[in-house]
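Below: one structure, written as structure tokens.
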Amino acid sequence: MKQELEEIRAAAIAALASAATEDAVEDVRVNYLGRKGRLTGVLRGMRDVSPDERPLMGALVNRIKDEVESAIAEALTKARAIERSRRVESERIDVSVPGRRAILGHAHPLTQVTRELVDVFVGLGFSVAEGPEIEDDYHNFEALNFPHDHPARDMQDTLFVEGGWVMRTHTSPVQIRVMESEQPPFMVIATGATYRHDSDATHSPMFHQIEGFMVDRGVTFADLKGVLTRAVRELFGADRAVRLRPSFFPFTEPSAELDIGCFGCGGRGGACRLCKGTGWIEVLGSGMIDPNVFRAVGYDPEEYSGFAFGIGIERIAMLKYQIDDIRRFFANDLRFLKQF
Ligand code: PHE
3 MKQELEEIRA AAIAALASAA TEDAVEDVRV NYLGRKGRLT GVLRGMRDVS
53 PDERPLMGAL VNRIKDEVES AIAEALTKAR AIERSRRVES ERIDVSVPGR
103 RAILGHAHPL TQVTRELVDV FVGLGFSVAE GPEIEDDYHN FEALNFPHDH
153 PARDMQDTLF VEGGWVMRTH TSPVQIRVME SEQPPFMVIA TGATYRHDSD
203 ATHSPMFHQI EGFMVDRGVT FADLKGVLTR AVRELFGADR AVRLRPSFFP
253 FTEPSAELDI GCFGCGGRGG ACRLCKGTGW IEVLGSGMID PNVFRAVGYD
303 PEEYSGFAFG IGIERIAMLK YQIDDIRRFF ANDLRFLKQF
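Each residue of the sequence shown is one higher than the last, beginning at 3 in this note's numbering.
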């Protein structure tokens, strides 16, 4: 029996020596110390040992059991350490490897210019409204004092949609929508896409506008001039020359286009191509809201007055960045877009 115990011990130690994982160590434990384990079997055999041999044999069995147990504990620690370092190795991160640069896009130049314009007017106290891009004739024309079959409608190169709708030709219908749902006083801007049947280097079938209007008691042309001069100078420089030139729109009376001193030639004109020699560049249309527009929305033109203006966003962006062809904005050529 003594010899058998020594054998078991040697076999257990040998088995542990090649047990590299926690599972392998556990297998050894079950094989030797488990319910059906070899050492457990010997311990059970103790009852057949004669009483005078029992103390000695008992001590021997216990010593060997302790030895195997501590060898198992040791092997377990070793196996865990091996597994841990294997895991650390496989999860290792080389922090010195150069990272992959995340490619960040940026806002489209027209979005940038729109935000800049909106910021200027919001800074002056305007709030922001929206309107639909597909409009009815009433909001796009009728309520804006375009008489039926009036040649001014041709001026707008309207794109018609089935069912009597039109692609809005300007953002001015938002004036009507706001006035229908609100009572003065208010200062509102509205921006978005507008559409006309027109396409060349300076005209795109889809383009963008920002509309602004203010309605209250006692609003005068001086308010229009003050607000627009201030806004334009924020955009194009504090000492930019500004002039208002008489014009015509069905929904404003009087109407004026606003010109700024040409930055191509500093206002001198001559052979300047940017301003075609005039020294001035047109940037927006404006005017005092026509009494007929107020009547259409149920305001009393004797009580209220107001001004309105409309700015072509592509036009401002083209001036600002000296872009010669409006179609570049919509071609989605990254070589162009990345410059902004
Ligand atoms: N809606 C006009 C256009 O598109 C611009 C404008 C707006 C003029 C408001 C006067 C007042 O040409």
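Every residue, glycine too, gets a C-beta built ideally from N, C-alpha and C.
- Annotation: the continuous beta strand (DSSP E) that includes Arg-247 extends over 244 to 251.
- Sequence-distant partners of His-172 (beyond 5 residues in either direction) whose C-beta falls short of 8 Å from its own C-beta, in its chain, are Asn-142, Gln-158, Thr-196, Gln-211, Glu-213 and Gly-312.
- Rounded to whole angstroms, Leu-7 and Thr-79 show a C-alpha spacing of 25 Å.
- The three-state secondary structure of Gln-211, taken from DSSP, is strand.
- Cβ contact annotation for Val-122 (same chain, cutoff 8 Å, sequence separation greater than five): Ala-233, Glu-236 and Leu-237, in chain order.
- Runs of the beta strand (DSSP E) spanning 3 or more residues and lying entirely within the stretch 260 to 307 occur at 282 to 291, in chain order.
- With contacts defined as CB atoms closer than 8 Å, Gly-287 and Phe-253 fail to qualify as a contacting pair.
- His-110 has its Cβ no nearer than 7 Å to any heavy atom of the ligand PHE.
- Distance from the CA atom of Ile-178 to the CA atom of Gly-125, rounded to whole angstroms, is 23 Å.
- Taking one beta carbon from each stretch, the stretch 98 to 115 and the stretch 304 to 323 have 3 or more pairs nearer than 8 Å; the two touch.
- In the structure shown, Phe-148 adopts coil according to DSSP, grouped into three states.
- The Cβ-Cβ distance between Arg-275 and Ile-262 does not fall below 8 Å.
- Distance between Gly-289 and Pro-187, taken at the CA atoms: about 18 Å.
- Here Thr-193 is buried: its Cβ has 16 or more other Cβ atoms, across all protein chains shown, within 10 Å.
- Residue state for Pro-186 is assigned as coil, using DSSP reduced to three classes.
- DSSP lists Val-168 as the beta-bridge partner residues of Glu-137.
- In the DSSP annotation of this structure, the continuous segment of the alpha helix (DSSP H) that includes Val-70 starts and ends at 56 to 92.
- CA-CA distance, Gly-239 to Glu-164, rounds to 45 Å.
- In terms of Cβ geometry, Gly-220 and Ser-307 form a close pair [threshold 8 Å].
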